[in-house]
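So the structure is just underneath, and the comments pick up after that.
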Amino acid sequence: MRALVGVLVAAALFFVVYHFSLKRMPTTDEGTAATQAISLTGVRMDLLQIAQAERGYIATNGHCASLDELVSSNSLSMTRAERDGYSYSVECSGGEFTAAAHHPPAPAGSPIRYPNLAIDSAMQVHEID
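Position 99 of the sequence shown, counting from 1, maps to 98 under numbering that gives the first Met the number 0, and the rest follow consecutively.
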């Protein structure tokens, strides 16, 4: 009988640890759902790809290019200027650029938020307003 009680106590402890570890799973950004992690990772990778293409274009042509120019010159192999509701844009200022990913705000009362992200010529992805 003691062995059965021991097994039940061990199973209960395992369940409690498992349950609380799932509640503390990290999110990619504050206020986002765990299910958004894949989408936000893809957006960050797209921004890095855009920035690398922009740097290569600037090195070759001496000036910054729009997103459409990057695609048409085959500097960028992306076929769509969007991902999961995020739309991409590039702002140029001489040899400097900022590529941004914007998402429409979540519906009113929704606990989920959609962070807008950007990358600059220093290749740093950061959140913007």
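All residues carry an ideal CB built from backbone N, CA and C; glycine is no exception.
- In the structure shown, TYR56 adopts helical secondary structure according to DSSP, grouped into three states.
- Within its own chain, the residues whose Cβ lies closer than 7 Å to the Cβ of ALA52, once the five positions on either side in sequence are excluded, are LEU69, SER74 and LEU75, listed in chain order.
- With fewer than 16 neighbouring CB atoms inside 10 Å of its own CB, TYR17 falls in the exposed class.
- For LEU116, the pairing in a beta bridge is given by DSSP as ALA100 and GLU126.
- Counting the other Cβ atoms within 10 Å of the Cβ of ALA98 gives 16 or more, which makes it buried.
- Of the candidates VAL15, GLN123 and ALA32, the residue whose Cα lies closest to the Cα of GLN48 is GLN123.
- Apart from sequence neighbours up to five positions away, the residues of its chain that approach ALA80 with a beta-carbon distance below 7 Å are LEU66, SER86 and TYR87, ordered along the chain.
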